[in-house]
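Asks:
Protein chains in written order, with the working numbering: chain A, 86 to 389; chain B, 86 to 389.
1) Check whether the Cβ atoms of residue 224/A and residue 132/A lie closer than 7 Å to each other.
2) Any heavy atom of the ligand FAD within a distance shorter than 6 Å of the CB on residue 377/A?
3) I want to verify the contact list: residues of chain A whose CB lies under 7 Å from the CB of residue 219/B, in sequence order.
4) Less than 7 Å between CB atoms is the rule here; does residue 353/B satisfy it with respect to chain A?
5) Hey, out of 384/B, 388/B, 376/B and 386/B, whose CA is closest to residue 122/A's CA?
6) Are three or more beta carbon pairs between the region 137-154 of chain A and the region 310-318 of chain A nearer than 8 Å?
7) Taking residue 272/B and residue 290/B to be in contact with their CB atoms under 8 Å, please state how far apart those CB atoms are, rounded to whole angstroms.
8) Keeping to the same chain, check which residues put their C-beta closer than 6 Å to that of residue 209/A; ignore five residues upstream and five downstream.
9) So, helix, strand or coil for residue 226/A, using DSSP?
10) According to the neighbour-count rule (16 or more other Cβ atoms, all chains shown, within 10 Å of its Cβ), is residue 93/A buried or exposed?
11) Would you mind giving the Cβ-Cβ distance between residue 128/A and residue 367/B, rounded to the nearest angstrom? I have them listed as a contact below 8 Å.
12) Quick check on the DSSP output: what are the complete beta strand (DSSP E) runs of length 3 or more inside the region 105-170 of chain A, in order along the chain?
13) Going straight from the alpha carbon of residue 219/A to that of residue 95/A, what length do you get?
14) Please tell me whether residue 347/A has its Cβ less than 7 Å away from any Cβ of chain B.
15) Which residues mark the beginning and the end of the alpha helix (DSSP H) in which residue 323/B is found?
16) What is the DSSP secondary structure of residue 278/A, reduced to helix, strand or coil?
17) Sort out for me which residues DSSP pairs residue 334/A with in a bridge.
18) For residue 363/A, return the contacting residues in chain B, with the cut-off set at a CB-CB distance below 9 Å.
19) Buried or exposed for residue 338/B, please, with buried defined as at least 16 other CB atoms from any protein chain shown within 10 angstroms of its CB.
20) Please determine if the region 351-359 of chain B and the region 346-357 of chain A are in contact, where contact requires at least 3 C-beta pairs separated by less than 8 Å.
21) What in chain B is Cβ-close to residue 111/A, meaning under 7 Å?
22) Which one of 346/B, 387/B and 381/B has the shortest CA to CA distance from residue 378/A?
23) Indicate whether residue 207/A and residue 108/A have their beta-carbon atoms separated by less than 7 Å.
24) Flag residue 107/B as yes if its beta-carbon sits less than 7 Å from any beta-carbon of chain A, otherwise no.
25) Output, in chain order, the set of chain B residues within a Cβ distance shorter than 7 Å of residue 384/A.
26) How many Å lie between residue 292/A and residue 381/B at the Cα?
27) So what's residue 193/B in DSSP terms, helix, strand or just coil?
28) Between residue 137/A and residue 249/A, what straight-line distance do the alpha-carbon atoms span, to the nearest angstrom?
29) Between residue 227/A and residue 163/A, which are expected to be in contact by the criterion C-beta below 8 Å, what is the C-beta distance as a whole number of angstroms?
30) Kindly indicate which three-state DSSP category residue 240/A falls into: helix, strand or coil?
31) Using CA coordinates, which residue listed in 296/B, 301/B and 268/B is at the minimum distance from residue 72/B?
32) Counting only beta-carbon separations shorter than 7 Å, does residue 87/A have a partner in chain B?
33) Contact criterion: CB-CB distance below 7 Å. Does residue 366/B meet it with respect to chain A?
34) Would you mind sorting residue 258/A into buried or exposed? The rule is 16 or more other CB atoms within 10 Å of its CB.
35) Starting from residue 356/B, find everything on chain A with Cβ-Cβ shorter than 9 Å and list it in chain order.
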């Protein structure tokens, strides 16, 4: 049986092998993805927010609820904020050990090996494999803060931004960007002081954005309070009522994904034959012998 | 007189107009940059680190010292963490008002209008204009935390990472990536409790990286303690002793810049004629009628 067929049958070891191909950018990954076939069946949910907001605990609590419905849950844990270390932070992964041994849960950390574009592509592809193996929903949880997370959540059908009271100035500084990216805002650790103030602040911030204001939910992932409401809200987005916005999002996602993949392939081909010319041009620019603009013009010469 | 000539003569209003062209991605910006001529004269120093570390105060203190040497200082304040709001956070800019009215200081905030690649390109170009107008050094200060900052600091000749004791878990989480990116590590607010422990932690972390460990300096920007040592260390990097590593960095920077500019230009041309095909392919993928891999193959058809 082919690896693709094994993955479609839900073979966990085959899935793990396929994910490694994708993560390493192995040439065999492209053929595997073509073999695995069309996807976009599973609800892909991005979970992001600053460290300490309780994302992992929330993911664990949501997973338990979906398992109660006998749904298989895939989790991709992504760390875009450490592009140099070559290994995703596994810190809170241990909490998910409550689900270890459960065949209906598959958890994988994706390291950020290369540029942001490369990681986005790997997440798309990894989510396709989890999808093909029958996991639905597929959660993409990010570790850290910054633009990377916001971009990566764009691969998701639905982006959940998790904040907690008292996380301080980082949250304040990030708020504008995160609120813009959110389909659902969650104030976790809602039993802590400052939760109501944070909800009020988010409500004000949400009113400023161009898109309709997202729902704001309060949860306490450690006790499970509010988590079922969140699960229901997420599931409802796949149903008829919200299906339209989900379809629009998937179309947008496919558009960005195809464009980026074509751009990468074209750049790869183009530079394969021009590495020397690029190196010479870079030397001339660094030495001040030519301007960047003139060098770019030369490097584009003869390109259709 | 052309805008380029006015900028080369140090005309501040012309410079501001040029920077607006660059920031808006105006088609006239490319011609302006070609007219302005070769650059890479000024020492471009990236200053990054988590919010609250005192970057702005440090930039202000360094600027005062360079002004004492009668050097003109350009400052680009960049906020990559709010890609959606279309306006850079101006929060601490007010501190720089001590330098307002000083013709030897030029401060500009750059908003992140589009993708990260677009902002990097705008920073390169904006630094070229400040350089052409006679500012040296040109400081690129980032606001916020995350991978964006690390990438943006790669446009710099020298990257200074500023940390402060007690900034908590964010600093801990980011440390690995930031330490890797640093040419110089600064522990600011060194008069605070925990400064020695932070220096020790950074020293351990720095030993783990592939490149030689960076120098670690302690400063208290509010009193000026240690700032002159930092200034001297930065200036020494341009001199003979460290000139070699700076040349290598500039070559690397020119390489990345040219490649990205050519890729952007080629993608722009390619999609101008294929927007409809891309839209149809995205619809087919979103509907599950084809795989992303097959759609990419079709979109690449006929490309040399």
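Just so you know, even glycine gets a beta-carbon here, dropped at the ideal spot from N, CA and C.
Replies: With the given structure in hand:
1) yes
2) Inclusion of the ligand FAD in the displayed structure is not the case, the ligand content being empty and no account of it being possible.
3) Within chain A, no residue comes near residue 219/B; the closest Cβ sits about 15 Å away, beyond 7 Å.
4) At least 7 Å separates the CB of residue 353/B from every CB of chain A.
5) Closest option to residue 122/A, Cα to Cα, is 376/B.
6) yes
7) Not quite, the Cβ-Cβ distance comes to about 12 Å (not below 8 Å), so this is no contact.
8) Answer for residue 209/A: 240 and 342, listed in chain order.
9) strand
10) buried
11) Distance from residue 128/A to residue 367/B at the Cβ level is roughly 19 Å; contact not present, criterion being Cβ atoms closer than 8 Å.
12) 129-133 and 158-163
13) 6 Å
14) yes
15) 312-323
16) coil
17) DSSP output for residue 334/A lists no bridge partner at all.
18) 340, 343, 344 and 347
19) buried
20) yes
21) Chain B residues near residue 111/A: none, gap ~14 Å exceeds 7 Å.
22) 346/B
23) Yes, Cβ-Cβ distance for residue 207/A and residue 108/A is below 7 Å.
24) no
25) 343 and 347
26) 39 Å
27) strand
28) About 8 Å.
29) 5 Å
30) coil
31) Here chain B comprises residues numbered 86 to 389, so residue 72/B is not present and cannot be evaluated.
32) It does not; no Cβ of chain B falls within 7 Å.
33) Taking Cβ atoms only, chain A reaches closer than 7 Å to residue 366/B, which makes this a yes.
34) Residue confidence is low: residue 258/A scores 46 on pLDDT, short of 50, so the model does not pin down where it sits. Its coordinate-derived value is still stated next. Residue 258/A comes out buried.
35) 344, 347 and 348
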